[in-house]
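Asker: Each residue of the sequence shown is one higher than the one before, counting from 133 in the numbering used here. Every residue, glycine too, gets a C-beta built ideally from N, C-alpha and C.
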Amino acid sequence: MTKYNFFLLLLLCPLFLFSQNNILIENKSKIPNDVKWVVHSSEYVLLCEQIYRTAWLSIKHKLMVMNNPVIIMDLDETVLDNSEYQINLFIKGEEYQTKSWNRFVKKEISTLVPGAKEFIEKYKRNPNARIIYISNRDASTLSATKNNMKVLGIYAEEDIFLLKQDKNDSKVIRREEVFSATGRMKTYGSQKIIAYFGDAVGDFPNDEKYEFGINKFIFPNPMYGEWD
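1) Between the Cα of W169 and those of V202, L212, I325 and P352, spot the shortest distance and give me the residue it belongs to.
2) Check for me: the alpha helix (DSSP H) holding F349 runs from which residue to which?
3) Could you give the distance in angstroms between the alpha-carbon of A248 and the alpha-carbon of V310?
4) Please report the residue range of the beta strand (DSSP E) in which Y265 lies.
5) Between which two residues does the beta strand (DSSP E) containing K162 stretch?
6) For the beta strand (DSSP E) that I325 lies in, which residues bound it at each end?
7) Would you say P201 and A271 are within 7 Å of each other, going by their C-beta atoms?
8) In chain order, what residues of the same chain lie with their CB nearer than 6 Å to the CB of E358, ignoring the 5 residues before and after it?
9) Spatial neighbours of Q152 within its chain, please: C-beta separation below 8 Å, excluding the five flanking residues on both sides.
10) For A276, which residues of its own chain have a beta-carbon under 6 Å away from its beta-carbon, when the five flanking residues on both sides are left out?
11) Look up T273 in the DSSP assignment and say whether it is helix, strand or coil.
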């Protein structure tokens with residue numbers, strides 16, 4: 133490489149980087165309305181906080197009369213906010229893929245859905261209260277998920293994580309293990325489930341004992357789902 137070409141390259145590199153940065157900034161400012169609503173709107177924050185507040189008012193009396201209460205919670209877009217992943221997909225012009233999602237999870241940078249930490253902290257004031265997390269996160273991301281939750285201040289040793297082991301390991305199967313104390317739940321015995329939390333209908337059992345707004349609580353998630 134001649135000296136002229138070398139110096140020309142030095143001059144052009146900053147211009148290229150500046151151009152690339154401008155593209156990223158421009159793309160980030162044009163994120164789709166569904167993601168923008170989650171990231172920027174006051175309505176999303178207020179709605180999530182309202183759901184958690186309603187849930188607390190609904191279940192707090194049960195904590196006074198039950199010895200070992202259990203709630204079942206989904207993780208993503210119920211407890212953990214992963215809107216950054218959606219933004220990254222948009223900027224790169226990519227669609228959801230298991231590999232890119234697992235890479236994101238292993239970065240341990242998910243944040244909290246509004247109201248989640250306050251609710252969990254109040255619930256955990258009962259020394260015997262337990263949470264069972266039934267999530268479609270890959271089982272290989274369990275350690276990263278726990279580390280992320282430790283940083284966010286919502287991890288507890290007594291809680292149970294039932295992540296997805298393979299493509300056939302549905303939430304229905306995992307809930308059945310909870311109900312029947314079989315499989316991964318065999319050593320835990322019978323559980324007294326007082327409420328369910330999720331962002332999709334598939335996060336909830338089809339059981340007349342549970343009703344939305346009373347002991348089933350569903351969160352808004354316009355970014356992705358079975359409907360898209």
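Answerer: In short:
1) P352
2) F349 -> not in any alpha helix (DSSP H); beta strand (DSSP E) instead, spanning K348 to I350.
3) 23 Å
4) R262 to D270
5) Unbroken run through K162: none, as it is neither H nor E.
6) K324 to G330
7) no
8) none
9) Legend: pLDDT at Q152 = 46, less than 50; position of this residue unreliable, no value from coordinates given.
10) V237, K238 and E240
11) helix
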